[in-house]
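So the number in my numbering is just where the residue sits in the sequence shown, counting from 1, plus 156. First the structure, in the form of structure tokens, and then the observations on it.
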Amino acid sequence: MSGEERLFAALNNVDDRLLERSERRRRINPRPWAALAAACVALAALCLPRPSQELPPEPSGPVQTLRFAGGEAGDALHLCSIQYGPQPSVGFAIYVNEEIYEVSEMDGVYTIRPRNPLPAEEFPPIDLTIAHAEGLSRAEAIEAAKETLSESYAQVSGAEEVGEQLRLTAGDGDAWDDAHAEVACLDDGLGGSFTLTARYFTEAAEGHGVRFQDMMGTFAVVYDAGADTSPQWVGELQSVTRRLTQAIFADRTDTVADLLAEGALTEGYGEDVSGDVSVVSVDYAPDNDRDPASATVSVKHRINLEDSCNYLTMELTRAGGRWRLTWAGIEK
157 MSGEERLFAA
167 LNNVDDRLLE
177 RSERRRRINP
187 RPWAALAAAC
197 VALAALCLPR
207 PSQELPPEPS
217 GPVQTLRFAG
227 GEAGDALHLC
237 SIQYGPQPSV
247 GFAIYVNEEI
257 YEVSEMDGVY
267 TIRPRNPLPA
277 EEFPPIDLTI
287 AHAEGLSRAE
297 AIEAAKETLS
307 ESYAQVSGAE
317 EVGEQLRLTA
327 GDGDAWDDAH
337 AEVACLDDGL
347 GGSFTLTARY
357 FTEAAEGHGV
367 RFQDMMGTFA
377 VVYDAGADTS
387 PQWVGELQSV
397 TRRLTQAIFA
407 DRTDTVADLL
417 AEGALTEGYG
427 EDVSGDVSVV
437 SVDYAPDNDR
447 DPASATVSVK
457 HRINLEDSCN
467 YLTMELTRAG
477 GRWRLTWAGI
487 EK
């Protein structure tokens, strides 16, 4: 492989499988939906910078990983949800495709890097970092981020409020190897804040840059079981959704038979796309927020980064405290 080919592959994670998929028409299962009017849990975020352009150090210890239950398939199901806890009372969850990225931790900062990295001495860094600060509001955190960015980048934007986040962007220009960063800060609900920072360079914007934005869209604050922050059914619905999402993308619904209602219909892509999928957000719409009997879940995602997003839509019912899938399909 030539140097140019190596660069293209590393930046875009393109392989023969993905190219083949982009050439053929996907089976999309149309199903009209009314707007999701119930309160949705929309996981959205963008990213905190590190003081320098150097790669973060190697982790000093193991990273806690919560994998999907996969039956006999086990680790063959690639899409996973990784959950971390920087302190006992608050942590975070984020979807990471471990076919493409690896996660490490050092001094409380979690770093997501490509498994196929480019030489650090030749290219600007490509990574996504997540840091937590106790007693620091999102407004204070974004100001600290802006000050740090101004020391490393030629241009830094002003802070912009987007939902629950404050966002910044920074960059050195439009040359192929100019460095860029995207930053978002959000309150943790307990007086502190999380800061996420995605770093890449111009040539990687349409590859890793897009994937980082998608990953940050799945970021969510989570609390320990002792914190009375949400009803039990919320965590149960999220857990069931993660297992079903993984199994459907992997074309292995046989591994989640315990989550399927009698006569359940599931229609996915008809092949294992879990190694290429990039999840953008997960929205939950229960029929009520106290004791729901049903819920609609929409997993916004993309397979080919050059295509528009698709939606894995799932209908679930709840009886006896247990969620079951009745229908799932892929929609535009």
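Here a beta-carbon is modelled for each residue, glycine too, at the ideal position from N, C-alpha and C. Since the model is a prediction, treat every value here as computed from it, not as a measurement.
Of the listed residues Leu472, Val436, Gly476 and Trp479, nearest to glycine 485 (C-alpha basis)
If you number the sequence shown from 1, residue 485 lands on position 329. Comparing Cα positions, the closest option is Leu472.
Would alanine 449 be called buried (16 or more neighbouring beta carbons within 10 Å of its own) or exposed?
Along the sequence shown, one-based indexing puts residue 449 at 293. Alanine 449 comes out exposed.
Distance, glutamine 388 Cα to arginine 446 Cα:
Along the sequence shown, read from residue 1 onward, the residue named residue 446 stands at position 290. Along the sequence shown, read from residue 1 onward, the residue named residue 388 stands at position 232. C-alpha separation (whole angstroms): 10 Å.
Would you decide whether glutamate 179 is buried or exposed? Buried here means 16 or more other CB atoms lie within 10 Å of its CB.
In the sequence shown, counting from the first residue as 1, residue 179 sits at position 23. Confidence at glutamate 179 is low in this model, with a pLDDT of 39, below 50, so the placement of that residue is unreliable and no value is reported for it.
DSSP three-state assignment for lysine 488, whether helix, strand or coil:
Indexing the sequence shown from 1 puts residue 488 at position 332. DSSP places lysine 488 in coil when its eight states are reduced to three.
So, does the region 251 to 260 touch the region 364 to 378, judging by three or more C-beta pairs under 8 Å?
The count of Cβ pairs closer than 8 Å, one atom from the region 251 to 260 and one from the region 364 to 378, reaches three, so the stretches are in contact.
Give me the residue from Ala295, Val252 and Glu316 with the minimum Cα distance to aspartate 283.
To locate residue 283, count along the sequence shown from 1; it is residue 127. The shortest Cα separation from aspartate 283 among Ala295, Val252 and Glu316 belongs to Val252.
Is glutamate 307 buried or exposed, if buried means 16 or more other CB atoms sit within 10 Å of its CB?
Taking the sequence shown and counting its residues from 1, one reaches residue 307 at position 151. Glutamate 307 is exposed by the Cβ-count criterion.
Is arginine 269 helix, strand or coil by DSSP?
Taking the first residue of the sequence shown as 1, we reach residue 269 at position 113. If DSSP states are grouped into helix, strand and coil, arginine 269 belongs with the strands.
Measuring CB to CB, does glycine 345 end up less than 8 Å from leucine 292?
Taking the first residue of the sequence shown as 1, we reach residue 345 at position 189. Taking the first residue of the sequence shown as 1, we reach residue 292 at position 136. It is not a contact, given that the beta carbons lie outside the stated cut-off.
CA-to-CA distance, glutamate 303 to serine 260, given in whole angstroms:
Within the sequence shown, the letter at position 104 stands for residue 260. Within the sequence shown, the letter at position 147 stands for residue 303. Annotation: serine 260 to glutamate 303 spans about 25 Å, alpha carbon to alpha carbon.
Say whether the region 320 to 327 touches the region 260 to 276, bearing in mind that this needs 3 or more beta-carbon pairs closer than 8 Å, one atom from each stretch.
no
If we require 3 or more residues per run, which beta strand (DSSP E) segments fall completely within the region 414 to 464?
Unbroken beta strand (DSSP E) runs of no fewer than 3 residues, entirely contained in the region 414 to 464, are found at 416 to 422, 434 to 442 and 450 to 458, following chain order.
Go to glutamate 261, then tell me how far its beta strand (DSSP E) extends in each direction, as first and last residue.
What you label residue 261 is simply residue 105 of the sequence shown in a count that begins at 1. Start and end: 257 to 262.
Just the C-alpha distance for valine 339 and glycine 476, rounded to the nearest angstrom, thanks.
Along the sequence shown, one-based indexing puts residue 339 at 183. Along the sequence shown, one-based indexing puts residue 476 at 320. The alpha-carbon atoms of valine 339 and glycine 476 are separated by roughly 43 Å.
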